[in-house]
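Asker: Sequence order for the protein chains is A and B. Using full-length UniProt numbering, read the first sequence as starting at 1 and increasing by one per residue. Using full-length UniProt numbering, read the second sequence as starting at 1 and increasing by one per residue. Where is the CB? At the ideal position from N, CA and C, for every residue including glycine. This structure is a prediction, so every number in the text was calculated from the model and none was measured. Mind looking over this structure? Questions follow.
Protein chains: 2
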Amino acid sequence: MSAARVAICGAGFGGLAAARAFGERLSRLPPVGEVLLIDKENYHLFQPLLYQVATAGLSGPDIAIPIRSILRRYPQITVRMDRIIGFDLEKQNVMLESSSVGYDYLVLSLGAVTSYFGRANWDQYAAGLKTLSDAHQIRGQLLLAFEQAERTEDPVRREELLTVVVIGGGPTGVELAGAIADLTRHVLRRDFRHIDPTKARILLIEAGPRLLAQFPEKLGRIAEYRLKALGVEVRLSSPVQDLGNRSVILAAETVRSANILWSAGIIPHPLTATLPAPRDRSGRLLVLPDLSLPGYPNAFAIGDMVSIPGVPAIAPAAMQMGRHVASLITGELSAGVIPPEKRPVFRYRDKGMMATIGRSTAVVWIGKAAFNGLAAWLAWLAIHLVFLIGFRNKVIVLFQWTWSYLTYGRGARIILRSEAARSPTRHKASTSSSADG
Amino acid sequence: MSAARVAICGAGFGGLAAARAFGERLSRLPPVGEVLLIDKENYHLFQPLLYQVATAGLSGPDIAIPIRSILRRYPQITVRMDRIIGFDLEKQNVMLESSSVGYDYLVLSLGAVTSYFGRANWDQYAAGLKTLSDAHQIRGQLLLAFEQAERTEDPVRREELLTVVVIGGGPTGVELAGAIADLTRHVLRRDFRHIDPTKARILLIEAGPRLLAQFPEKLGRIAEYRLKALGVEVRLSSPVQDLGNRSVILAAETVRSANILWSAGIIPHPLTATLPAPRDRSGRLLVLPDLSLPGYPNAFAIGDMVSIPGVPAIAPAAMQMGRHVASLITGELSAGVIPPEKRPVFRYRDKGMMATIGRSTAVVWIGKAAFNGLAAWLAWLAIHLVFLIGFRNKVIVLFQWTWSYLTYGRGARIILRSEAARSPTRHKASTSSSADG
């Protein structure tokens, strides 16, 4: 009998944790299985630091690690860069753009994408932050807005350019608003002659009554207080009524802004809806306690595309699910198939949640403990460095952080043409493909 | 009397050296002049290391430094990010896309762009390497070719994907071919399952009888020998007859390749031809000995857009010209106007030329001394670190080099969507804007 094939779809936190666990376990077994990891990108993205790429603190390659180099030492693992277009769970096939591959076990870890709640065109007006390309676009848009404000003679236009609106008061929105405040208050402070970047208006807009809804209320209040101290205008209980070109319409006011950023919602990857499996209201898969899909004992789903009561949509949960599934499947490969109801049940071990607010504070919530301030910030730094993959990346990120902290500088303050080209607020001058000056 | 305005057009090596020299000199004078530096990018690009971005050794931001932060400490200097569309030397105006600005003195430092010798469509088939966007495109294209080769079943297509052709045997072509050889021989060696990257074919094609035509013949021969030792096929006296989609047509053979890179020629920036000034056969401006344009004593041109016998088109020459012009103009601002024929004459001080060949050798030519090998390579590293602007950038580049040398790794092995999108050899799977896997 030839070795069984496990197909892992997606190399985010869940898929990559599964692949590494397979690699470790399979290397200690006779050749019972081989793993194929499929992703449309050639890199694993460390999403928790994505907001720092968007605000010019880190370069893309600092947090994007080639999947092949991470998994190079596991001979049982093959990596394939390809786009997944569908699944046939009956025939046990994954359809790829260039061909299709069969599997014996399937691990679905497709993650989530930005959701605009089904509102047409909102994606044209507000930039999401889920991919490296998103982060580069936001970076280009923000930096270009200051350049344009510096050269415009029109005061109305200048105010629009110097207004940043972040929609969504969860961890991403809070971290983004804090980092943008640091950028305008410190980094860009002395660089312009006609505008004062420290006067830039930054709004954080949240539909609910407080920030960081998933955290204890006290931490939400602290985040609000700290952001206000950085000069961010926090609007609570302010659902967005509509978005337009450079405008955010709230019940109480309309804000004109050339920089509208969206961190208000995510939904499971679109392919999730094509699977023959039950889903919750937000479209996430309802899996059995072993993480397999009902009726398909050889197909598992993990991470942000799955709904399990009490398990948050964060990286540690996805990684735990990935390791659970890898352990379960390798067990079956060596000892024989077990029916889903007799398999080990996935149990989430709460490792806490955290968010930074600007350059020297953070909020941390671990089990019963909630803390904030400098200690929380240092804990945030340490944990993100530990979990960032690759020694080279750790060293560079640590150096960039130290440098930024000491000098108020940012290492990646560059506007690339391809970034600006995607921006809805772009200025023709900067996206022309002809070379000059 | 208000302060005179000096407009510097372009923040490459020449324009930036001029701006810094103005900043230093003007800060020691009464307020006699102000400087406006105009560039279409917000960063100064350290072009000598561009080939390392193209081959995934460095990130873009490692060698792209924000112009505003370099010049922040000079209050007399204003930076403007804008696109220059023309000049009116009679009315003393620079026309920008968003407006126009007057000047009392003009410093033209627009640099050069890739030249395909006027052959239509060749830019579609062969990627040039003059801008950061070029480097990102080449990086995406090269890395994607290996991914595509790994998944294709078609042996002809695979061979096309695993063939890299570098056209032009000057310093850029030699450095690029050597770095690509390192990438395929070492970095990617163990990362694939279906292809062997060490078997990739790399060709360096040169129309003339030897490599590095500007260097002494001995160094050209050494570069050829070293490249061959790295597995590069060097074709001398092989002018390109024609380029097509994935094909390079030489007199003796046609090479099929999905990765055609162009480093065979540059021409002065297109706006050079709009100036009312004499030019040489290659379109470069013929300036007076003080670097001013004949008939326009307040307009100067420096760097790669200028033709001066015995002065090579390299960074040190452009920087020397920039400082010469800054000194001359500040002198006039404080002591009064001098006619061009009585002004100090620009004299080039030869600082030598150098090129690396792969990971531990280089060729260096300084005055009468020509040397190569490890000592030349170390000299190359040291000089490039010294001239790279910014302490942060020096530290990061030094770390990346050390890391790459010790581990055979490359820090920026990522394929960005926007990169691949420009590639003529792109695969649909990788440029789709919808998210998956």
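So, using beta-carbon positions, are B:E150 and B:H186 closer together than 8 Å?
Answerer: no
Asker: Thinking just about the alpha-carbon of each residue, which of A:G111, A:F13, A:V32 is nearest to the one in A:H269?
Answerer: A:G111
Asker: What does B:S255 pair with, by DSSP beta-bridge criteria?
Answerer: Correcting the residue identity first, residue 255 of chain B is Val in this sequence and not Ser. According to DSSP, which records beta bridges pairwise, B:V255 is partnered with B:V248.
Asker: Would you mind sorting residue 488 of chain B into buried or exposed? The rule is 16 or more other CB atoms within 10 Å of its CB.
Answerer: Residue 488 of chain B cannot be examined here, being either before or after the span of chain B that is shown, 1 to 437.
Asker: On the CB-based measure, 16 or more other CB atoms within 10 Å of its CB, does B:N42 come out buried or exposed?
Answerer: buried
Asker: What does the alpha-carbon distance come out to for the pair A:A369 and A:M354?
Answerer: 12 Å
Asker: Tell me, please, whether the CB atom of A:A135 is closer than 8 Å to any CB atom in chain B?
Answerer: no
Asker: Please go through the stretch 184 to 264 of chain B and give each complete alpha helix (DSSP H) segment of 4 or more residues, from N-terminal end onward.
Answerer: The alpha helix (DSSP H) runs of length 4 or more contained entirely in the stretch 184 to 264 of chain B are, from start to end of the chain, 217 to 229.
Asker: Taking the beta strand (DSSP E) that B:R158 falls in, what are its first and last residues?
Answerer: Careful: B:R158 lies outside any beta strand (DSSP E), inside the alpha helix (DSSP H) at 155 to 161.
Asker: Once DSSP output is grouped into helix, strand and coil, what is the label at A:V6?
Answerer: strand
Asker: Sorted by chain position, which residues of the same chain lie with C-beta nearer than 6 Å to B:L16's C-beta, five sequence neighbours on each side aside?
Answerer: H44
Asker: Mind pulling the chain A residues with CB within less than 7 Å of B:A412?
Answerer: P61
Asker: In terms of residues, what are the limits of the alpha helix (DSSP H) holding A:M321?
Answerer: 315 to 335
Asker: Just mark B:M321 as buried or exposed, buried being the case when its beta carbon has 16 or more other beta carbons within 10 Å.
Answerer: buried
Asker: Using the Cα positions of A:K428 and B:L243, report the straight-line distance between them to the nearest angstrom.
Answerer: Because the pLDDT of A:K428 is 31, which lies under 50, any placement of that residue in the model is unreliable, and the question is left without a value.
Asker: Can you give me the Cβ contacts of A:P297 inside the same chain, cut-off strictly under 6 Å, excluding the 5 residues immediately before and after it?
Answerer: P340, listed in sequence order.
Asker: I'd like to know whether the C-beta atoms of A:G169 and A:L106 end up nearer to each other than 8 Å.
Answerer: no
Asker: Three or more C-beta pairs closer than 8 Å, one from the stretch 44 to 53 of chain A and one from the stretch 91 to 100 of chain A: is that the case here?
Answerer: no
Asker: If we define contact as Cβ-Cβ less than 8 Å, is B:V395 a contact residue for chain A?
Answerer: At least one CB atom of chain A sits nearer than 8 Å to the CB of B:V395.
Asker: Taking the beta strand (DSSP E) that B:E34 falls in, what are its first and last residues?
Answerer: 33 to 39
Asker: How would you list, in chain order, the residues of chain B whose beta-carbon sits under 7 Å from the beta-carbon of A:Y43?
Answerer: I414
Asker: If the cut is a Cβ gap below 9 Å, which residues of chain B does A:F399 touch?
Answerer: R392, V395, I396, F399
Asker: Since I believe B:D191 is in contact with A:S69 (beta carbons under 8 Å), could you give me their beta-carbon distance rounded to a whole number of angstroms?
Answerer: 6 Å
Asker: Just to confirm before moving on: does the CB-CB distance between A:L286 and A:P278 stay below 8 Å?
Answerer: yes
Asker: Could you tell me the alpha carbon to alpha carbon distance between B:S263 and B:P197, rounded to whole angstroms?
Answerer: 23 Å
Asker: Give a yes or no on whether 8 Å exceeds the smallest Cβ distance from A:G86 to chain B.
Answerer: no
Asker: Can you check whether the C-beta of A:R426 is within less than 8 Å of a C-beta belonging to chain B?
Answerer: Unreliable positioning characterises A:R426 in this predicted model, as indicated by a pLDDT of 32, which lies under 50. A coordinate reading is not provided.
Asker: Going by alpha carbons, who is nearest to B:R119 out of B:A18, B:G265, B:I222?
Answerer: B:G265
Asker: Taking all protein chains shown into account, do 16 or more other C-beta atoms lie within 10 angstroms of the C-beta of B:L261, making it buried, or fewer, making it exposed?
Answerer: buried
Asker: Along the chain, where does the beta strand (DSSP E) containing B:T152 start, and where does it finish?
Answerer: First-last for B:T152: undefined, no H or E at that position.
Asker: Give a yes or no on whether the C-beta atoms belonging to A:S109 and A:C9 are separated by under 8 Å.
Answerer: yes
Asker: Output needed for A:L161: all residues of its chain with C-beta closer than 6 Å, excluding positions within five of it in sequence on either side, in chain order.
Answerer: Answer for A:L161: A145, Q148, A149, A258, listed in chain order.
Asker: Going along the chain, which residues of its own chain have a beta-carbon closer than 8 Å to the beta-carbon of A:S327, five neighbours each way excluded?
Answerer: A21, R25, P344
Asker: Closer than 7 Å, Cβ to Cβ, to anything on chain A: give me those residues from the stretch 89 to 111 of chain B, in chain order.
Answerer: E97, S98, L110
Asker: Check whether the stretch 393 to 403 of chain A touches the stretch 48 to 63 of chain A, counting contact only when three or more Cβ pairs, one atom from each stretch, lie closer than 8 Å.
Answerer: yes
Asker: Going along the chain, which residues of its own chain have a beta-carbon closer than 8 Å to the beta-carbon of A:A135, five neighbours each way excluded?
Answerer: Here the set comprises L50, Y51, V53, A54, G60, L129.
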